[in-house]
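*Asks:* This is the structure I want to talk about, given as structure tokens.
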Amino acid sequence: MCGIVGIVQQQETKIGKTIIEALTKLEYRGYDSVGIASIFDNKVIITKDQGKISEVSERIDVNSIKGKIAIGHTRWATHGPPSKENAHPHIDCSGEISVIHNGIIENFQALKEELLNQGHEFQSETDTEVIPHMLEQLVKKEGISLKDAIIQVSKRLEGTFAICVVSSLEPDRIYCAKRDSPLVIGINSDRMFCASDIPAFLSKTRKVVLLHDDEFVTLTSDGYEIINFNTLEKVVRKPHTVSWKPEMAQKAGFPHFMLKEIHEQPNSLADYIRIQQPALTRIAEKIYNSEKIFLLAAGTAHYSTLTGESLIRKYVKKPSSAIIASEYESIKSLIDEDTVILPVSQSGETMDTIMAIKSAKEQGASILSAVNVIGSTITRYSDEVLYLYAGPEIGVAATKTYTAQTLAMWDIGLELGKLSGEIDNSEYTAARKLFQEIPTVVKQTIVRNESRANHIASWFAKKNSSFYLGRGLNLQTANEGALKMKEIAYIHSESYPAGESKHGPIALVEEDYPVVFVSPKDHTHSRIISNIMEMKARGAAIVAVIEEGDREIEEMGKWKFEIPKGYSEMLSTIPYIVPLQLLAYYTAVRKNLSPDMPRNLAKAVSVL
Ligand code: M6R
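According to our numbering, the sequence shown is numbered sequentially starting from 18.
As structure tokens, this is what we get:
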């Protein structure tokens with residue numbers, strides 16, 4: 018996820034300042050580097066650097082960027098770490114065609130090879146840079162107009178993209194094209210905007226046109242023209258006026274980032290699946306060939322590693338343990354050259370995890386990590402990294418990064434199963450097919466359960482204490498559900514293996530005491546039923562997360578959440594957490610708490 022913006026206006030102004038103001042409103046989409054391409058004196062002028070917008074705009078002289086036309090970009094690294102070279106805009110060899118991009122070009126390796134053979138020189142590691150060189154090839158070498166070149170290139174790009182192009186060849190316009198990444202136009206009497214999201218220009222205009230997939234736009238200071246780049250047919254779409262308040266607009270209309278991020282999960286999971294990561298096979302091979310494996314993480318990330326631990330034990334039958342990073346000392350004496358350490362982290366900056374990795378590295382262990390933030394400290398200590406591609410997570414409570422971490426664990430698990438022969442070819446193919454379906458299942462899960470979560474929250478919000486119980490893989494779903502409730506709704510929530518609850522915790526249960534059961538229809542089902550009955554007999558109010566149509570458990574529960582069929586074991590830890598994220602969110606809201614900024618917590622915990 019990155020933020021892009023473009024402005025084309027009738028008067029020459031200090032346009033750099035306006036671009037920076039607009040990018041600041043998009044910083045929630047990415048913040049590792051910033052860049053502007055403006056046209057001045059019929060030349061493309063690129064100003065860019067690594068860092069947050071506030072840092073970069075202090076270093077560059079924003080007021081010196083003048084002109085009638087400019088595009089700007091705030092980056093969230095995917096291909097290539099944060100650096101000045103990898104910052105957008107990117108430019109062709111002649112320095113005349115400049116491009117900003119939000120999305121992922123899946124076929125960039127093949128395109129890059131073709132361009133290298135044609136003599137193009139690359140300055141970055143990004144997928145985006147193929148675009149200006151492809152345009153240059155068509156415009157300069159084949160004599161095609163820039164507009165036709167962008168249309169041709171858009172058809173060749175695989176993956177997701179919203180691109181804006183400026184060029185000294187046609188210095189009065191911005192060309193844009195999009196597929197699957199957002200792009201909107203903003204209309205003013207004397208200037209036009211394009212951007213990833215409405216907040217970029219909301220202080221200047223409320224008149225907007227939303228672009229659809231496979232559309233190409235020509236933006237000049239006095240208007241816009243949209244065509245479909247496949248059919249070349251003209252699209253007539255009138256602007257509409259938005260009524261959002263600026264602070265709501267940044268959250269795409271959601272009242273909080275946490276809810277927005279819960280809703281983003283179908284897309285973030287699809288992005289993870291979409292991007293082929295060569296590191297995956299290398300990680301699986303190294304785990305397969307190692308003697309012992311320790312997964313290291315903190316908080317929510319730790320719960321995702323419990324899925325990893327189970328899958329590694331199941332598929333390679335080797336000692337594997339998920340260790341809380343701050344408890345690393347307990348395994349330190351076991352670490353040697355035959356050890357694999359698998360750290361999992363959203364931020365890549367959690368100090369407990371970093372210190373443990375540093376120590377393990379000194380003792381010769383291989384560090385194979387799964388991290389969301391590219392270029393973060395953990396990635397720099399790692400021998401291999403599997404990226405989570407969940408985009409920036411602003412809410413303090415991890416939601417979309419937990420499901421991405423869990424998916425990454427399944428991804429590694431499946432490769433291990435194939436390597437060890439525990440999964441045969443047809444099982445592997447079926448599992449990969451299920452992988453592809455997971456974004457849709459998560460979407461359906463949100464749709465089916467959101468209003469229920471809101472409703473149940475009105476009852477939950479009055480409680481002081483609760484249990485979250487699960488068995489097998491979904492014990493970690495119970496753990497994570499309870500952590501969410503604690504973190505943002507401040508309700509004491511204890512997670513326990515369901516079978517263990519009768520050995521003590523059950524003493525706390527009294528009339529209408531909330532007990533959340535994560536109960537998929539897998540091998541744990543009949544035992545979970547017994548545990549539900551034990552709790553019910555003591556007056557507990559059961560909140561059951563069940564597979565749709567599971568009447569047996571439904572009848573025992575006071576409340577239910579339903580998950581689509583087919584995910585009872587394989588991948589179940591992903592959809593089953595979603596209603597519990599929603600329940601925690603709505604409970605916090607019912608209690609008038611701020612879900613995005615819970616007390617005493619920080620997004621990245623950089624203290625020991
Ligand atoms: O950035 P990390 O994934 O390493 O962070 C680990 C924990 O600090 C984090 O998951 C924390 O528990 C969150 N607040 C959970 O919502």
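Cβ atoms here follow ideal geometry from the backbone N, Cα and C, with glycine treated the same way.
Looking at C-alpha atoms only, which residue of R488, Q461, P98, K34 is the closest neighbour of N284?
*Replies:* Minimum Cα distance to N284 is reached at Q461.
*Asks:* For S343, which of K375, V562, T420 has the nearest alpha-carbon?
*Replies:* Nearest C-alpha to S343: K375.
*Asks:* Since H509 sits in a beta bridge, which residues does DSSP pair it with?
*Replies:* In the DSSP output, where bridge partners are listed per residue, H509 has S482.
*Asks:* For the beta strand (DSSP E) that contains F139, what are its first and last residues?
*Replies:* Per DSSP, F139 belongs to no beta strand (DSSP E) and is neither H nor E.
*Asks:* State whether the stretch 439–449 contacts the stretch 413–425, with contact taken as three or more CB pairs (one from each stretch) at a distance under 8 Å.
*Replies:* Short answer: they don't touch.
*Asks:* Taking 8 Å as the CB-CB limit, is E308 close to chain B?
*Replies:* Protein chain content of the structure displayed is limited to a single chain, and chain B is not contained in it.
*Asks:* Put Q598 into one of helix, strand or coil per three-state DSSP.
*Replies:* Q598 falls in the helix class under three-state DSSP.
*Asks:* Touch check for the stretch 392–412 and the stretch 267–282: three-plus C-beta pairs under 8 Å?
*Replies:* Because the criterion of three Cβ pairs below 8 Å is met, the stretch 392–412 and the stretch 267–282 touch.
*Asks:* Can you tell me the Cα-Cα spacing of E379 and D353, whole angstroms?
*Replies:* If you take the alpha carbons of E379 and D353, they lie about 9 Å apart.
*Asks:* Suppose the cutoff is 6 Å on Cβ atoms and the five residues either side in sequence are ignored; what does the same chain contact list for E242 look like?
*Replies:* Taken in chain order, the residues that qualify are T235.
*Asks:* How about I292 and I121: do their beta carbons lie closer than 8 Å?
*Replies:* It is a contact, given that the beta carbons lie within the stated cut-off.
*Asks:* Using the Cα positions of Y419 and F125, report the straight-line distance between them to the nearest angstrom.
*Replies:* So the alpha carbons of these two residues sit roughly 28 Å apart.
*Asks:* Tell me whether the stretch 356–372 and the stretch 314–329 touch, counting them as touching only if at least three CB pairs, one residue from each stretch, are closer than 8 Å.
*Replies:* Flag = yes, the stretch 356–372 and the stretch 314–329 touch.
*Asks:* Buried or exposed for D144, going by 16 or more other Cβ atoms inside 10 Å?
*Replies:* Burial call: buried.
*Asks:* Name the two residues that bound the continuous alpha helix (DSSP H) containing E131.
*Replies:* It spans 125–134 - the alpha helix (DSSP H) in which E131 sits, taken as one unbroken run.
*Asks:* May I ask which residues mark the beginning and end of the beta strand (DSSP E) holding G408?
*Replies:* No beta strand (DSSP E) holds G408; DSSP gives it neither H nor E.
*Asks:* Please work out which residues of its chain come closer than 6 Å, Cβ to Cβ, to S115, disregarding the five sequence neighbours upstream and downstream, and give them in chain order.
*Replies:* Cβ within range, chain order: A54, V61, P106, I108, V183.
*Asks:* Is it true that the CB of I391 sits closer than 8 Å to the CB of A94?
*Replies:* Cβ distance < 8 Å, so A94 and I391 count as in contact.
*Asks:* Work out the CA separation of D288 and Q294 for me, nearest whole Å.
*Replies:* Straight-line Cα distance between these residues: approximately 12 Å.
*Asks:* Rounded to whole angstroms, what's the CA-CA distance from K480 to S337? Just pull it up for me.
*Replies:* If I take the Cα positions, the gap works out to 38 Å.
*Asks:* Just the Cα atoms here: how many angstroms apart are S536 and S611?
*Replies:* The alpha-carbon atoms of S536 and S611 are separated by roughly 30 Å.
*Asks:* Could you tell me the alpha carbon to alpha carbon distance between S347 and V622, rounded to whole angstroms?
*Replies:* Roughly 21 Å separates the two Cα atoms.
*Asks:* Nearest to S547 by alpha carbon, out of E569, I473, Q27?
*Replies:* Ranking E569, I473, Q27 by Cα distance to S547 puts E569 first.
*Asks:* Taking the beta carbon of M550 as the centre, do at least 16 other beta carbons fall within 10 Å, making it buried, or is it exposed?
*Replies:* Exposed is the call here.
*Asks:* Cα-Cα, which of N609, Y584, Y485 is closest to L597?
*Replies:* Of the listed residues, the one whose Cα sits closest to L597 is Y485.
*Asks:* For the pair the stretch 42–51 and the stretch 396–410, tell me if three or more CB-CB distances fall below 8 Å.
*Replies:* Touching, yes, given that three or more Cβ pairs across the two stretches are closer than 8 Å.
*Asks:* For M209, which beta-bridge partners are listed by DSSP?
*Replies:* The partner list for M209 (beta bridge, DSSP) reads V25, I204.
*Asks:* Which residues end up in the neighbourhood of the ligand M6R when you take C-beta atoms closer than 6 Å to any of its heavy atoms?
*Replies:* Working through the chain, the matches are A315, G316, T317, A318, S362, Q363, S364, T367, T370, V413, A414, A415, E504, L618, A621, V622.
*Asks:* Can you give the beta carbon distance from D428 to L219, rounded, assuming they're within the 8 Å contact cut?
*Replies:* Wrong, their Cβ atoms sit about 38 Å apart, outside the cutoff.
*Asks:* In the DSSP assignment, the alpha helix (DSSP H) including A277 goes from what residue to what residue?
*Replies:* It is Lys, not Ala, that sits at residue 277 in the sequence shown. Per DSSP, K277 belongs to the alpha helix (DSSP H) from 274–280.
*Asks:* Unbroken alpha helix (DSSP H) runs of length 4 or more, entirely within the stretch 415–455: which are they?
*Replies:* With a minimum length of 4 residues, the continuous alpha helix (DSSP H) runs that stay inside the stretch 415–455 are 417–437.
*Asks:* Going residue by residue through the stretch 342–393, where are the continuous beta strand (DSSP E) segments of at least 3 residues, counting only ones entirely within it?
*Replies:* Within the stretch 342–393, the complete beta strand (DSSP E) runs of at least 3 residues are 356–362, 383–388.
*Asks:* So who's on the other strand from I53, going by DSSP bridges?
*Replies:* Note: I53 sits in a beta bridge opposite T64, G89.
*Asks:* S383 and V402 - do their beta-carbons sit closer together than 8 Å?
*Replies:* No, the Cβ-Cβ distance between V402 and S383 is not below 8 Å.
*Asks:* Check the C-beta distance from A315 over to T394 and give it rounded, since I have them as a contact under 8 Å.
*Replies:* In fact, because the Cβ distance is near 14 Å, the residues do not count as touching under 8 Å.
*Asks:* In terms of alpha-carbon separation, which member of E586, K331, D239 lies closest to K538?
*Replies:* With distances taken between Cα atoms, K538 lies closest to E586.
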